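Step one of this worksheet: look at the structure below.
Numbering (this note's numbering), first residue to last: 7 to 933.
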């Protein structure tokens, strides 16, 4: 007899305990996420409040909240409904026998894991929780599209229709992106619903798929048929939207809807809409039949139909019908592409004018264009930045990040200058000085700026400094009364101002000068609760523990001007080059901002950019001391900017509200100009035949650079246009024909009022050869005198540095070429401007200064005159001594006028000297 002894029964964890642990973990995770979100939200609210943009903050937060709740609610309801139906239908089928049969067939005792999951899990709550969690992920992904939906709600009409569907272009800019996002969300929700329901059916045994058995219950088939039918219904709408997406196609000939798109793909899309609707009703009809064959047939109908109608037939049609007569058939669509691309980038506003490219420059012409001559830029940014660094960084922790070109009225003349802000980089302090106090409390700001004219140099070949030293000393430049820079291009860490100790201001001999901030920048941090908030936000307990923080202290965050502007207006695209402006003794940053879109119909996308529409509608000014940010609306006709103005009525100010002195410093942005110039290379051709054959394709000039061949970049210049009364500030770039180096045109953007923003292209006669920059470079390299001198310098241990751009200077109807030449010691970092190379017509000269180069360029050809070599002996009359003395006197006076910059006086004396020399030559030769 066997007596069985058993111990106490092993307790299985109670269902309530498992649920409790799950809920506790979920609550803790949610609380941590909420704490993280709350800290970000509070910091953003404090920061937006400190710069008076609360309306922007609340509008953005409100939009994100609405999008989040809408996406979360919609997704959660769809998932929960599908999960609930799956659970309800699955419960009607016993799955124990099905599960056991599989394991018995394999000869094993089943662990019955699926039964454990089915019987022990609280499915109702699990479905609610799973639906909520998945919906949370979907909603978090959709929040980033808040701007799309705001633009959709507040859109304004564009005012012009597309030629294919006759819809206002505003539909494509604002409505179509929103419809596509909604369609994509619906597709995602249906896909997640199918997976969610399939998981429930699988656990309950309604779906089996393994090596031994593949089956699906009739209820699972019915549920799947409903979802598949909804998928086909959404797909039908998707095909409807695809009709508009034909306007963004590119077949290599036409950007936008082509002949094949209009005559084949568009009807095919209507057929696909019909097939999708039929497929939807067929799968819904499967609710009665409940077989896999009908949904499979519907699916194959759509897939095969899509492949044949959208891929095979259009390709064959284009290959065998369109290509043999491509130009004739595609002509109207090419014309649409040209017209809409020119409209999208404002290329249709470029005024084309002829440029005679004459060879008639004289001293009288130079004198009439003295403002142009006096502002030819001889200092390139790279050698000048090295020079600034060596002469004016003062200490290792000061840095000049970038050099900007601007213009100022100085001493009664309109001058082009280069300037750079002296920013402070605490990261460059010595390693033993990298303390929290130094980085965040003491070394808080940069100091002043450096400014120099673009043309002038000292006798040593160094730039003349209009602004220099710390504190800034103005020697011909604008005075700076408030030189401290708390906000800049490289200010990336937070700082504390108005603390218990003064801040480092600038070095003075062996001592340092300290100052206290008295501005309005920063967020108040004196209260302990705010100190704790920022300590958590930056993960920096020093903010909570430091005794340097007082009740009046403020913390400056987001001091980088790009980050600052993007945080306020993330929907604007920023130009790569913000520039410093000195106005009324203070320093400001000017930042150009663009409104862009990739949904302008039938427009060519910009090179290497995901946009096909751009406007420089906004100028942003950031105070370098207080950090205030002001947005000024430049283009009131831009529908995207007008839409943003409706969304954020307090964000934008009219351009007329910009201070008058700051208005004088706006300039045409380089990024926009470069995009327009790249597109204008092709889209200056308005005739479809010429465009199709690429007969008149342009490109940017080539030039030596970086040890190889580089492309010329746009450059700012002061010059007087032909026929204009005064010199202006321009951004310009020459053009050459495709695969050629001779110059064909030059494109310029006006930067001064009242013609700001107007673009002009001057086109050269096609029958005349005008040397391009690369050809002039070749002539410079072929000049024996220049090449020998450069070789000699290189052999003497100096390094010769050529200018980054060979400047093409239009003067009247002629072209002058100028490029600087710098010398730098082989192991040194102080480039010196030693020579100026100038070219005009067939002549190339190199002299120490620009005045000397121009003098040599226009004197030497006339000074060497051919003398008749007649064999007939004739009595020779010798010139009188008085004539020789008078000629010498004229020469000396001409030199004095040249040194003083009096081109008119120089030309007068030079002409008089030439008359005397000609008379003396006649007397000497008997002619």
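Here a beta-carbon is modelled for each residue, glycine too, at the ideal position from N, C-alpha and C.
Quantities reported herein were computed from a predicted structural model and do not represent experimental measurements.
Please state whether DSSP places residue 65 in a helix, a strand or coil.
Residue state, collapsed to three classes: helix.
Could you give the residue range of the alpha helix (DSSP H) that holds residue 342?
Residues 332–350.
Should residue 555 and residue 531 be called a contact, given that it needs their Cβ atoms to be closer than 8 Å?
With respect to the 8 Å criterion, residue 555 and residue 531 are classified as neighbours on the basis of their beta carbons.
Can you check DSSP and say which residues form a bridge with residue 385?
Paired residues: none, contrary to the question.
Go ahead and label residue 915 buried or exposed: buried means 16 or more other beta carbons lie within 10 angstroms of its beta carbon, across all protein chains shown.
The residue in question, residue 915, is buried, as its Cβ has 16 or more Cβ neighbours within 10 Å.
Measure the C-alpha to C-alpha separation of residue 604 and residue 617 and round it to an integer number of angstroms.
Rounded to whole angstroms, residue 604 and residue 617 show a C-alpha spacing of 4 Å.
Which residue's Cα is closest to the Cα of residue 704: 743, 558, 486?
When only C-alpha atoms are compared, the closest one is 743.
Could you pull out every unbroken alpha helix (DSSP H) segment of at least 4 residues lying fully inside the segment 740–802, listed in chain order?
As far as the segment 740–802 is concerned, its whole alpha helix (DSSP H) runs of at least 4 residues are 779–788, 790–801.
Check the DSSP bridge columns for residue 838 and list the partner residues they point to.
Answer is 829.
Note the first and the last residue of the continuous beta strand (DSSP E) segment covering residue 814.
Unbroken beta strand (DSSP E) run through residue 814: 813–817.
Member of 263, 449, 458 whose CA lies at the smallest distance from the CA of residue 479:
In terms of CA proximity to residue 479, 458 leads the group 263, 449, 458.
Could you tell me the boundaries of the beta strand (DSSP E) in which residue 471 lies?
Here residue 471 belongs to no beta strand (DSSP E), and DSSP marks it neither H nor E.
Which partner residues of residue 81 appear in the DSSP bridge assignment?
DSSP lists no partner for residue 81.
CB contact flag (residue 587, residue 412, <8 Å):
A contact, by the Cβ cut-off of 8 Å.
Three-state class that DSSP yields for residue 296 in the structure shown
Residue state for residue 296 is assigned as coil, using DSSP reduced to three classes.
Taking 8 Å as the threshold, find out whether the segment 584–603 comes into contact with the segment 222–240 through three or more Cβ pairs.
Too few Cβ pairs lie closer than 8 Å, so no.
Go ahead and pull the three-state DSSP assignment for residue 446.
Here DSSP, grouped into helix, strand and coil, assigns residue 446 to helix.
Got a sec: is the Cβ-Cβ distance from residue 406 to anything in chain B below 8 Å?
Given the protein chain composition of this structure (a single chain), no chain B is represented.
Is it right to say residue 797 is buried, meaning 16 or more other beta carbons lie within 10 angstroms of its own, or is it exposed?
Exposed, by the Cβ-count rule.
From 770, 688, 465, 250, pick the residue whose C-alpha is nearest to that of residue 364; which is it?
The closest CA to that of residue 364, considering only 770, 688, 465, 250, is found on 770.
What is the DSSP secondary structure of residue 695, reduced to helix, strand or coil?
Looking at residue 695 - three-state DSSP - the assignment turns out to be helix.
Pull the bridge partners of residue 142 from the DSSP assignment, please.
Residue pairing for residue 142: DSSP places it in no beta bridge.
CA-CA distance, residue 763 and residue 77?
Separation of residue 763 and residue 77 (C-alpha to C-alpha, rounded to the nearest whole angstrom) is 42 Å.
When the Cα atoms are used, what is the spatial distance from residue 314 to residue 351?
For residue 314 and residue 351, the gap between their C-alpha atoms comes out near 37 Å.
Out of curiosity, what's the CA-to-CA distance linking residue 183 and residue 164?
Distance between the alpha carbons of residue 183 and residue 164: 15 Å.
Would you check if there are 3 or more beta carbon pairs closer than 8 Å linking the segment 685–697 to the segment 776–789?
Output reads no: the segment 776–789 does not touch the segment 685–697.
Using 8 Å as the cut-off, can you tell me whether the segment 590–599 makes contact with the segment 537–549, which would need three or more C-beta pairs spanning the two stretches below that distance?
They do not touch, by the three-pair rule.
Starting from the N-terminal side, write out each stretch of the beta strand (DSSP E) that is 3 residues or longer and does not extend beyond the segment 451–511.
At a cut-off of 3 residues, the continuous stretches assigned as beta strand (DSSP E) that sit fully inside the segment 451–511 are 455–459, 501–503.
Name the DSSP bridge partner or partners of residue 849?
Partner(s): 846.
At which residues does the beta strand (DSSP E) containing residue 631 begin and terminate?
For residue 631, no beta strand (DSSP E) segment is defined, and its DSSP state is neither H nor E.
Between the alpha carbons of residue 503 and residue 446, how many angstroms are there, rounded?
Their backbone Cα atoms lie some 9 Å apart in a straight line.
So what does residue 129 bridge to, in DSSP terms?
For residue 129, which the question treats as bridged, DSSP gives no partner whatsoever.
Would you mind stating whether residue 466 and residue 452 have Cβ atoms separated by less than 8 Å?
In this structure, residue 452 does not lie closer than 8 Å to residue 466 by Cβ.
By Cβ distance, which residues of its chain are closer than 8 Å to residue 178, with the 5 residues on each side in sequence left out?
Take residue 178, set aside five residues on each side of it, and the residues of its chain with a beta-carbon closer than 8 Å to its own are 168, 250, 253, 605, 606, 607, in chain order.
Whole-angstrom C-beta distance between residue 656 and residue 366, which should lie under 8 Å:
With 8 Å as the limit, residue 366 and residue 656 do not qualify as a contact, their Cβ atoms being about 56 Å apart.
Let me know the secondary structure DSSP gives residue 215 once reduced to three states.
When secondary structure is reduced to three states using DSSP, residue 215 falls in the strand class.
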